[in-house]
Every structure is written in C-alpha cells, then in structure tokens.
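**Q** This is the structure I have questions about; it appears just below.
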Amino acid sequence: MKLLPHTLLGLTAVLASASAATAQLEAPKAQRGASAAVAGASVAPIAPIVLNQVLVGLAPGVAPADVAAQVGGILIDQFGDPLAPLSAGGPGLVALLQLPQGQGVDTAHAFLTDVPGVIFVEGNTAAGPPEGCGGKAVTGPQQCTAAFFDATPTGPEYTDQAAVPAIALNGSTAPQAGSPTIVAVIDTGIDLAHPLLAGNIHAPGFDFVLGQPVAADLANGIDDDGDGQVDEAHGHGTHMAGLIVLVDPMARLIPYRVLDADGVGTSYDVARAIYRAAIDGAEVINLSLSLAEPSAAVEEAIEFAHDECHIAIVAAAGNTGSLGVVYPAAYHEVIAVAAVGVDDVVAPFSAFGKEVDVCAPGVDVYSAMPGNQYALWSGTSMSTAIVSGGVSRLHSWSSKAHEPEANTDALADAAHSLESTNPLHNDQLGSGRIDIAQAGVKLLHHD
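Read left to right, the sequence shown gives residues -23 to -1, 1 to 424 (mature numbering (1 follows the signal peptide of the UniProt record, and there is no 0)).
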C-alpha cells in the first residue's frame, strides 16, 4: 500500500538489476497494455529466463488443461481458487503452461487473449534480488567487497551496529509486550539452524525452486546462470531474516524459497509464494526482490494477500540508482523501501521516486549468513528487511491486527524527512527514514 497521508500515485516499471527476462507481459491494472519501460531509466537488453512458458489468469469454471490444449501446450502447475474470479475476493486461478517447441509468448498471447474466460496471458519472467554478491558489501553495480565475519548473535557488531540508532531501535533485544508476528520471507530460503534464527522459525516453509517442503538457504557450487559468479545470492534470505529479527526479536519467520543460489527465480514462483504465505497465516510479507517486468499474476496475489488477508507487504525499491521503482514495490498495495546511509543521504545504488514510501539504512548492514556466519551487505533489500521488522514489531503491539494500514501509517507518520540531506530528491524518498520508537508512540496513542 502507498502510505497515508503521503499518498503516492503512479506505477513506474524499471528493469531489475537481477537476471531479466523478456515476455509480452500485461501491464498492471492502472496501465494495462502500456509499455513497461520507464522514461529516464537505464534499460539493458533482456533475454528470456523460461522459454516457451506462459502464465494465464482464468475466470471461474475455466479448465486450465482445456486452455493449454487450445495452444497445443501442457499444464505444468496452477494455484489459486478456481471458483474465485480474479480481483474479486481472491487471486482466481493462475495456470503455468508449457508451450510447444518454437511457440513464443507473443503467439500464445495473441491466440489466447480473446478466448472466453482468459483474463491475462504473460510470460514467466525473471525475478531476483536487487543485489547479489554473496554476502559482500555492494557499493554500486557489480562492485563488491568481501566482508565476512564470525561473531556471536549478541555481539556489538550486530546489536549495536549503526543501523540500530539510525531507526531509534531502543532496546531491540529486550522482551516486549504483545504477541509475535508471523513474517514471510520470500527469497533464497533461510538457514533454519543458524543460532540467531533457530528460535524464531514459525514453520519451515516451502522451497518452490526444488519443490520440497523445507525452504533452506542452499548453495550448489555451480554457476547455474552462466554469469561468471558462483552462488552470488547464497545467503540473501538468511541475511534478510537476521535483519527482521534484529528489529523485532519476537518475529516468527516462515521462509519461501523462490530464488536459487544465483538469485534466479520466476514471476510464477513469486506469485504462488505470496499466495501460499497468505494461506499459511503470514501477517507481514518481505519481498527483498525485483521483477524484470510487471506481472499480473504477482499483482493478483498481492491484492489477495493485502485486501483479503490484511497482510502488510514490504518490497525493495531497487538498486538501479535512478528514478523509478522496480516491481513489485511499485504496486499500490506494497510499501516501497529505498536505502539511505546512516548520514540520511540516499545510497548511490538506491532507486528513488514518487513510488517510494519510506527509507531505512541499507549501507554496510550486518546480519546473519548460512553456516553460523555473519556479513556486511548493502542494498535496498536490507532496507526492506529492516522496515519489515519494524512493521512486524508495530503489529505485535497493535490491537488493530486486521488493519495493516494502521501500523504502516504510524511508521510513515513518524518518519524523519530527508529533504534537508537530499535536496535533489524532494518528494522522491517517501515519508523519510523510519523511527521505530516514535512510530510505536503514535500507534499506541491512536490504538
């Protein structure tokens, strides 16, 4: 959701910095049929990640296998409620189809668009983390500095790092009133045995990459995407989990693995993970990832989670270092997070724009990594996890658990304006840098 009273209008798509995919995708509702390109954004050439696959949104009563047969394809998978129409109380039914060899997305789109009961047709496009350097500090595109450490969970490098006072996280490890909040981490999985996180795991989640019921943060030692880097995103989800727990030590985590160790995923897996998280009872969803293109399937899942299940959804603005926020952060229901340094200056890698809702520290942030390790990492992903932790913490205090807007509005209302430290970015950094202590005061005052 775009936070009140700072209502931010206009959805802008930019190319994610992760591996990207082409597809003739349907634009989101506000601009269906429009181009996904952004004026002024640097858009690199993109290539398909999943050849000959399409996602199809179906109306109630339409059999996905029958639709697949009309294009000579095969039904691979489906999720949603076959009785619920899209955008009317549920995500409807979204089917993943394998097209015949040589048939592209454009052909399927042209053929199926006019078929009765077909709501949308889009390619199964790329998803990935805005940053991916294997737990190294990202200072700019493709600039990574190794920064691994061994430490104890209660060490000062973690609990007393600069991000803690920057967001007024006073007494973050002290017991707090309220009930734990369930937070879904949709990412590369989590190291479930990490001593920092083991006590905060609500459920083992699901691995959509391997199709198994435990979402571990796994590496395979192979450069699967052929980019010259091996397992560059390994640990990303674990790092996010550590930051959520830093801000809300009572948070209960459910991991959903949609990205492999190279940071490669698909829009279909992201969409069904959001839907699964909603069904599993998540109260906050952390999306420290980006899409190569807007996705109607992801948008429908987000609307279901937010509108019907009253879940707060937080996503990264992106690491493009330019004007324009990546999807899914650009969707109206999502809290879009940009990154700043502890000096309250927008990070050089961070995206910015009117779609941004709030900012949080995202430079050299210290958190957990697989194998009982810790690391510095920079990016809007880290800022997003910090905000998710803040929303989780506020949710645990609030009597309005069914109203995610109450918690997120308090977070926005208490934020510190960044106009004085970012004179070139007026109205492009949302409400400003979050302040957990003041947000708590505002929430409890109005609760």
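The C-beta atom is built at its ideal place from N, Cα and C for all residues, glycine as well.
Note that the structure is predicted; figures quoted are calculated from it, not measured.
I'd like the span of the beta strand (DSSP E) that includes M227, first residue to last.
**A** Careful: M227 lies outside any beta strand (DSSP E) and carries neither H nor E.
**Q** In the DSSP assignment, find the beta strand (DSSP E) that holds F88 and state where it starts and stops.
**A** Premise fails: F88 lies in the alpha helix (DSSP H), 82 to 89, not in any beta strand (DSSP E).
**Q** Determine the DSSP secondary structure at A250, reduced to helix, strand or coil.
**A** helix
**Q** In the DSSP assignment, find the unbroken beta strand (DSSP E) run with A316 in it and report its ends.
**A** 311 to 317
**Q** How is H211 classed by DSSP in three states: helix, strand or coil?
**A** In this structure, H211 counts as coil in the three-state DSSP scheme.
**Q** Between the segment 242 to 260 and the segment 75 to 83, do at least 3 Cβ pairs fall closer than 8 Å?
**A** no
**Q** Restricting to Cα atoms, I'd like to know which of I411, A387, A345, S375 is closest to E134.
**A** A345
**Q** Closer than 8 Å is the cut-off here; do at least three beta carbon pairs connect the segment 195 to 202 with the segment 261 to 268?
**A** Contact annotation: the segment 195 to 202 does not touch the segment 261 to 268, with fewer than three C-beta pairs closer than 8 Å.
**Q** Here's the rule: buried if 16 or more other CB atoms are within 10 angstroms of the residue's CB, otherwise exposed. What is G176?
**A** In this structure G176 is exposed. Its beta-carbon is surrounded by fewer than 16 other beta-carbon atoms within 10 angstroms.
**Q** Tell me V71's beta-bridge partners as DSSP assigns them.
**A** G34, F56
**Q** Leaving out five residues on either side along the sequence, give the residues of the same chain with a beta carbon under 7 Å from the beta carbon of I159.
**A** H179, R229, I231, G258, A259, E260
**Q** On the criterion of 16 or more Cβ atoms from any shown chain inside 10 Å, does T215 qualify as buried, or is it exposed?
**A** buried
**Q** Where DSSP assigns a beta bridge to P338, which residues make up the other side?
**A** V317
**Q** From G49 to V235, what distance separates their C-alpha atoms?
**A** 28 Å
**Q** Tell me, to the nearest whole angstrom, how far the beta carbon of A362 is from that of L220; I am working on the premise that it is less than 8 Å.
**A** 4 Å
**Q** Just the Cα atoms here: how many angstroms apart are V39 and H171?
**A** 45 Å
**Q** Can you name the start and end residues of the alpha helix (DSSP H) that D390 belongs to?
**A** 381 to 390
**Q** Taking the C-alpha atoms as reference points, what is the distance between G348 and V92?
**A** 51 Å
**Q** Could you tell me if S397 is buried or exposed, where buried requires 16 or more neighbouring beta carbons within 10 angstroms of its beta carbon?
**A** exposed
**Q** Going by alpha carbons, who is nearest to T165 out of L388, S358, D404?
**A** S358
**Q** Quick one: what does DSSP say T158 is sitting in, helix, strand or coil?
**A** Looking at T158 - three-state DSSP - the assignment turns out to be coil, as it is neither helix nor strand.
**Q** When DSSP labels each residue in this structure, what does A45 get in the three-state scheme?
**A** Helix, per DSSP.
**Q** Out of curiosity, what's the CA-to-CA distance linking P181 and V368?
**A** Here the alpha carbon of P181 sits roughly 22 Å from the alpha carbon of V368.
**Q** CB-CB under 7 Å to Y343, same chain, minus the five flanking residues each way: which ones, in chain order?
**A** E134, Y135, Q138, Y351, L353
**Q** Tell me whether S156 is buried or exposed, calling it buried when 16 or more other Cβ atoms sit within 10 Å of its Cβ.
**A** exposed
**Q** Per DSSP, what kind of secondary structure is Y308 in: helix, strand or coil?
**A** coil
**Q** Just to confirm my understanding: we take K419, look at its own chain, exclude 5 residues before and 5 after, and list those with CB closer than 8 Å. What are they?
**A** Contacts found: A387, D390, A391.
**Q** Give a yes or no on whether the C-beta atoms belonging to L395 and D321 are separated by under 8 Å.
**A** yes
**Q** How many Å lie between Q206 and V27 at the Cα?
**A** 20 Å
**Q** Output the distance between the C-alpha atoms of G407 and V314, rounded to the nearest integer angstrom.
**A** Their Cα atoms are separated by approximately 9 Å.
**Q** If you follow the beta strand (DSSP E) that L28 is part of, which residue opens it and which one closes it?
**A** Segment: none, L28 is in no beta strand (DSSP E) and carries neither H nor E.
**Q** Check whether the Cβ atoms of Q405 and F329 sit closer than 8 Å, and answer yes or no.
**A** yes
**Q** Could you pull the DSSP bridge partners for A145 from this structure?
**A** Beta-bridge pairing links A145 to no other residue.
**Q** Helix, strand or coil for E99 per DSSP?
**A** strand
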